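*Asks:*
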Amino acid sequence: MVLLLLASACSSGPRLPEGLDELETARTFFEMGRYRNAASVAGAVQKDEEASIYDRAEAAFLAGEAQLAQGNDLKALKHYKYVLENAPWSEHSAAIQDRLFQIADAFFHDP
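Here the numbering used here is used: the first residue of the sequence shown is -2, the next is one more, and so on.
Pasting the structure below:
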């Protein structure tokens, strides 16, 4: 019984330092190479209507980067598109344009 409780506690999710907000948590996951977790947390921030547009755009970019790192080009594209449509002034706009060319190049040149 004790082993079952310990196993469920260990598998309940990643443990990060307390006090991080969701966007910081997503960044930390990304830096740790935990791209699935980063995409999930950042995607939630992007959808949070109470978050500022600045945080939502930052989260969308981070979710796109995490999806791209996992090889999910189409999912990354959707997050990048969100930034360009809702926050074209984002500091990530130039990087997003580069990523879009990378995705298009991979799409058209992949055998």
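For glycine and all other residues, C-beta sits at the position ideal for the given N, C-alpha and C. Treat the numbers as computed from the prediction; the structure is a model and nothing was measured.
Go ahead and pull the three-state DSSP assignment for glutamine 67.
*Replies:* Here residue 67 corresponds to residue number 70 of the sequence shown, with the count starting at 1. Coil.
*Asks:* Apart from the five residues on each side of it in sequence, which residues of its chain come closer than 7 Å, Cβ to Cβ, to aspartate 18?
*Replies:* Here residue 18 refers to the residue found at position 21 of the sequence shown. Nothing listed; no residue qualifies.
*Asks:* Under 8 Å by Cβ, that's how I've got valine 80 and phenylalanine 58 pegged, so tell me the actual separation to the nearest angstrom.
*Replies:* The sequence position of residue 80 within the sequence shown is 83, counting from 1. The sequence position of residue 58 within the sequence shown is 61, counting from 1. The pair is a contact, with the Cβ atoms about 5 Å apart (cut-off 8 Å).
*Asks:* Just list the beta strand (DSSP E) runs in the region 13 to 62, keeping only unbroken ones of 3 residues or longer that don't cross its boundaries, in chain order.
*Replies:* The qualifying runs do not exist here; there are none.
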